[in-house]
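Residue numbers (full-length UniProt numbering): 1 to 280.
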């Protein structure tokens, strides 16, 4: 409304505030069904002049008892209208809402509030939930205690509004990051062998770090085995095209050696026929 009143006169916005204030106070509220002026003064003024105090000798006053009774009834109507409006709002909001409850042993997600998780909510791009975590016990009617790691350094009790159910999916590979088939080597680590149920992001991060260390050691051992002439299974998984290119790039010394052996065989077995001689 202030923007509509000011229009292009931006510097005069302070002069327009009384007009905007009067318009707001005179407008009928959708909840109370009455204007603020009517609830305070008992009538709705048409212009600001209606609120100007008149001289005492020219004032026309209603009987005090009647005026008090009128304002009292007006406030009672406004209160009933507010209650009806609140019931309507609650009905609309709770129309599709189901009561949320958890049992001990359930897995839940935790909403990361800035006041409780300042480090996890440093940026808007960071995840706004963490988990899943297992419910340990129920505290009261709307709070639960979860199995929260000590690294977070906060209380493990959360309101039900900060918890969301974790829907486990059998196709989710997060519970078994090293799932494979065939002759893949089984990687045994402390985290994998001792983990039960879904893993959290923090545990997944540690798992990736352990796996990276394992890969570094594994590839270092591969280099040592290659220098000693051992057979490496992973090195055999080379593309066929690269394998052919490697065969074409054999040393010329090997070809000369094969040629000399063939010549010695021909000379020793069949001899030299006619004048066709071949120097080996």
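C-beta atoms are modelled at their ideal positions from N, C-alpha and C, and glycine is treated no differently.
Per DSSP, the beta bridge partners of residue 134 are 107. The stretch 105-119 and the stretch 127-143 touch, with three or more beta-carbon pairs separated by less than 8 Å. Taking 8 Å as the upper bound for CB-CB distance, residue 156 and residue 148 are in contact here, some 4 Å apart.
Put simply, the backbone Cα of residue 88 is about 44 Å away from that of residue 202. Residue pairing by DSSP places residue 164 opposite 109 in a beta bridge. Here residue 156 carries a coil assignment [DSSP, helix/strand/coil]. Distance from the CA of residue 36 to the CA of residue 20, rounded to the nearest whole angstrom, comes to 14 Å. The beta carbons of residue 104 and residue 135 sit about 6 Å from each other, so the pair counts as a contact at 8 Å. With 16 or more other Cβ atoms from the protein chains shown falling within 10 Å of its own Cβ, residue 158 counts as buried. Checking the DSSP bridge columns, you'll see residue 82 has no partner listed. Here the alpha carbon of residue 67 sits roughly 12 Å from the alpha carbon of residue 40.
Contact between the stretch 73-92 and the stretch 18-34 is present: 3 or more CB-CB pairs across the two stretches fall below 8 Å. Scanning its chain for C-beta atoms nearer than 8 Å, with the 5 sequence neighbours on each side dropped, one finds around residue 2 the residues 13, 16, 17 and 20, in chain order.
Judged by their CB atoms, residue 102 and residue 144 are nearer to each other than the 8 Å cut-off.
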